[in-house]
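One structure is given here, and the rest of the page talks about it.
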Amino acid sequence: MKRTILLEPTKNEWESLAVLNPTAIKEKDIVHLFYRAVRSPNYSTLGYAVMKNGKLKRFNQPFLKPEFDYEKEGVEDPRIVKIKDKFYLLYTAWDGKNARIALAVSKDMKNWQKKGIVSPSITLRESIKITKSKKYKILWQAEAEKRDKDFNLFLFDKDAVLFPEKINGKFAMLHRLASDIQIIYFDSFDELQTKRFWYNYIENIDDYVLMKPKFDWEKAKIGAGATPIKTEKGWLLLYHGVNMDNGRQYNAGITLLDLKNPMKIIMRMKKPLFQPEHDWEKQGVVDNVVFPEGAVQEEDNLNVFYGCADSRIGLAKFNFKNLMDNLAEVA
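The structure is reproduced here in structure tokens:
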């Protein structure tokens, strides 16, 4: 594995504080990067860069900015996928109090149409009342306590990513409520904008949990990373895991999911794929963070694009065959 810095903040005001958490997709011979860009004090837009034959070109203006009340304090942490002839971009919409998942779509990755919130617009109070899960009642009670004891705030929902094809005829989306990774299936994004859909989901949320924190390096919380990659062995999923023992540390993990039923975990590495090691991963706006959010398979390599200390963007290169062979180290 080789790790290098790919992008740093620039003198452009909109990305002068930090650049981080990139998603990536390859079309023909061009890798398209969409990343979170931050200006002081903490206002995020989404930037754009392309890579071709190892050469990087970045653009001087953000391609996506806050426009609506639900995202008025920032658009963050994008994940892109192409399904048939359409590009879907999920991102975190931040209004200053609530973090929820929003959707934008495009035919050409140039002209984007925002579709609004696609995560539960359900309050903590409602969720605690309707869920059957004792675990999530406790987690959401604790979340409300941390958020100024305001039970009328919406559920925090982050780390959403779509599978790059429908599964059993339905869209499949990973996301994170509280500390786990959940999975949902749906026919249309319109469903995700109804309370009825989410009420049933929240009531039975234990049925939708894909992965829980399991190992020491991820025991505080986990969240999906890059768009899952289809392999002969299964869906390869990069994710992040957080340990709080000696201060907060974000690590990169990897797992393999069944192609027909992603709820079935085939392999899950016991140790992190990689951790903060270099100074530029250990020191920044938030220390000790590697946050894998983009992955592209190119020839014999898996190129992983990741946020470093919430300040810059790194590139980690793995030999794809060796990586798949080493997935034998599982739990």
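Numbering-wise (the numbering used here), the sequence shown opens with residue 1208 and increments by one.
Yeah, the Cβ is synthetic: ideal placement off N, Cα and C, and Gly gets one too.
Going by the DSSP bridge assignment, what does residue i pair with across the sheet?
i     : result
A1231 : L1240
R1354 : Beta-bridge pairing links R1354 to no other residue.
Y1298 : A1309
D1452 : G1454
Y1513 : P1499 and G1521
G1460 : Y1446
V1245 : A1225 and S1251
K1293 : I1290
Report the rounded CA-to-CA distance for residue i versus residue j, giving the unit in angstroms.
i     : j     : result
E1439 : V1511 : 19 Å
I1169 : H1485 : In this structure the chain extends from 1208 to 1538, so residue 1169 is not present and cannot be described.
V1503 : L1522 : 11 Å
F1358 : T1330 : 7 Å
K1259 : V1238 : 7 Å
F1266 : D1452 : 39 Å
M1474 : L1464 : 7 Å
I1520 : D1355 : 33 Å
E1372 : W1347 : 32 Å
R1246 : E1222 : 5 Å
V1537 : H1382 : Below a pLDDT of 50, predicted positions are generally treated as unreliable, and V1537, at 49, falls in that range; no measurement from the model is reported.
L1466 : Y1392 : 14 Å
S1395 : R1286 : 18 Å
T1299 : N1533 : 33 Å
N1318 : M1380 : 23 Å
K1314 : I1290 : 10 Å
Q1320 : K1365 : 20 Å
L1296 : A1311 : 5 Å
A1349 : L1362 : 12 Å
D1423 : F1498 : 17 Å
W1553 : P1327 : Because the chain here runs from 1208 to 1538, residue 1553 falls outside it and cannot be looked at.
P1483 : T1462 : 19 Å
S1340 : W1405 : 15 Å
F1481 : F1270 : 30 Å
N1375 : L1224 : 43 Å
W1442 : K1528 : 15 Å
G1454 : K1233 : 36 Å
G1281 : Y1250 : 5 Å
What would DSSP say about residue i, mapped onto helix, strand or coil?
i     : result
K1440 : coil
L1362 : coil
A1349 : helix
L1534 : helix
F1481 : strand
G1468 : It is Asn, not Gly, that sits at residue 1468 in the sequence shown. Looking at N1468 - three-state DSSP - the assignment turns out to be coil, as it is neither helix nor strand.
K1262 : strand
N1508 : strand
K1342 : helix
L1399 : helix
A1225 : strand
From what residue to what residue does the beta strand (DSSP E) around residue i run?
i     : result
Y1250 : Y1250 to K1259
K1428 : K1428 to A1431
F1370 : No beta strand (DSSP E) contains F1370, which DSSP labels as neither H nor E.
F1525 : R1519 to N1526
V1282 : G1281 to I1290
Y1392 : I1388 to F1393
L1417 : V1416 to M1418
Q1320 : Q1320 to I1324
For the alpha helix (DSSP H) that residue i lies in, which residues bound it at each end?
i     : result
E1488 : D1486 to K1489
R1383 : It is not in any alpha helix (DSSP H) - R1383 instead sits in the beta strand (DSSP E) that spans F1378 to L1384.
K1209 : Where K1209 is concerned, there is no enclosing alpha helix (DSSP H), although the beta strand (DSSP E) it sits in stretches over K1209 to L1214.
L1331 : L1331 to I1337
K1402 : K1402 to E1410
CB residue i to CB residue j, shorter than 8 Å?
i     : j     : result
L1384 : F1378 : no
A1433 : G1501 : yes
M1470 : L1417 : yes
V1449 : A1431 : no
K1272 : G1303 : no
I1429 : Y1446 : yes
T1252 : F1241 : no
R1307 : Y1277 : yes
K1419 : D1387 : yes
May I ask you to check if the CB of residue i is nearer than 7 Å to at least one heavy atom of the ligand ZN?
i     : result
N1318 : The ligand ZN is not part of the structure shown, which contains no ligands of any sort.
8 Å is my cut-off, CB to CB: does residue i come that close to chain C?
i     : result
W1347 : No chain C is present in this structure, which holds just one protein chain.
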